[in-house]
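Heads up: the sequence shown runs through residues 12 to 262, numbered per the numbering used here.
For each residue, glycine too, the CB sits at the ideal point set by N, CA and C.
Structure record follows, encoded as structure tokens.
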Amino acid sequence: AVIKTMNGASGIESKIIIDGMVDVVADKNEGANEAISAVASRIEIGGGNIEAKNGAWAAIRAYGEFRSDNSGIVNVNVTKDEDGNITGAGNRKTTITGDFVTNGGMGTKGQISVGLKGKDSYWHGKYTDNDGYGVTPGQLGSVNLWIEDGAHWTGYSSGSVNVNINGEGSYWDGYSTNSKMLLSLTDGAIWKNSNASKTSLIGNFVGDGGYIENAGGVTIDNYSGNTTVIYKHNAEVPTNIIGGDVTIKSA
């Protein structure tokens, strides 16, 4: 890994704190497989560019260990309240290319939180490497995203993700295959459910003036608020609507 912290002892937490901007590139051709990696420890980054290229495994990886009960924690461009709770995206430009990973042979207790703000900020990648193996089975990790003021995420997830998308021009282009997805769309934000071959699974959906551009199916366990669903039409046969059903189990 290019930036990595490990713990290795009970009762303490190792940390790397970078208040400013970074430019971190993991290039597998150069022997780096992870850009940012936190093992039962904490990494805080103010913003900047994080990239995995040429087949590198992860832009950000976080997981646990055997020596302590710590979670691996990575926070990038987030704001916090006086108690240290994350409240939203910071103001720095943040660009991330590559996947998020929360598994490892020592545990799956990874927490990755990222704030994306402004039209030049984005994450291009997926969160699918989240199931533990060996003596650490299960899926205990999660990803938290704040996407604001025109930022976007392009990618999909099979894990536990809490996505908060706010403001006109802000969007997520992708889908979820796990009902542990929590999604909030507010003030003109858009979810582009662009995979026509799969039904996206959303555990909890809160809408307040957001939009779904729906090319595939959607199943929502719990829904509240107001959201507009938009379907495209076949150009040659306009009466043919393109897209699947939106099923709400509870509202």
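- Secondary-structure assignment with DSSP links R72 through a beta bridge to S48, V112.
- Look at N173 here: in three-state DSSP terms it is strand.
- Going by C-alpha positions, T188 is about 15 Å away from T258.
- If you compare the alpha carbons of G58, A63, S25, A46 with that of S52, the shortest gap goes to S25.
- Contact annotation, Y242 with N215: C-beta distance approximately 23 Å; criterion of less than 8 Å not satisfied.
- Exclusion of the five residues before and after G236 leaves V217, G218, D219 as the residues of its chain whose Cβ lies within less than 7 Å of its Cβ.
- In the structure shown, E41 adopts helical secondary structure according to DSSP, grouped into three states.
- Closest in alpha carbon position to N206, among G254, H244, N245, S195, is G254.
- Residues of the same chain with a CB within less than 7 Å of the CB of G161, apart from the 5 flanking positions on each side, are G129, K130, G178, G180, S181 in chain order.
- The three-state reading of DSSP puts F77 in coil, since its state is none of H, G, I, E or B.
- For the set N233, I201, Y222, the Cα lying nearest the Cα of L212 is the one of N233.
- Less than 8 Å divides the Cβ of I223 from the Cβ of W202.
- Assigned with DSSP and collapsed to three states, D219 falls in strand.
- Residue pairing by DSSP places N237 opposite D219 in a beta bridge.
- For the pair L151 and D34, the Cα-to-Cα distance works out to about 29 Å.
- When the alpha-carbon of V172 is set against those of A200, L196, Q122, D198, the nearest one is in Q122.
- In the structure shown, I23 adopts coil according to DSSP, grouped into three states.
- C-alpha of R78 to C-alpha of M17: approximately 11 Å in a straight line.
- Under DSSP, V257 takes part in a beta bridge, and its partners are V229.
- Y138 is a Cβ neighbour of S168, given a cutoff of 8 Å.
- Residue burial annotation: T113 is buried, with at least 16 other C-beta atoms found within 10 angstroms of its C-beta.
- Shown here, G59 sits in a strand according to DSSP, grouped into three states.
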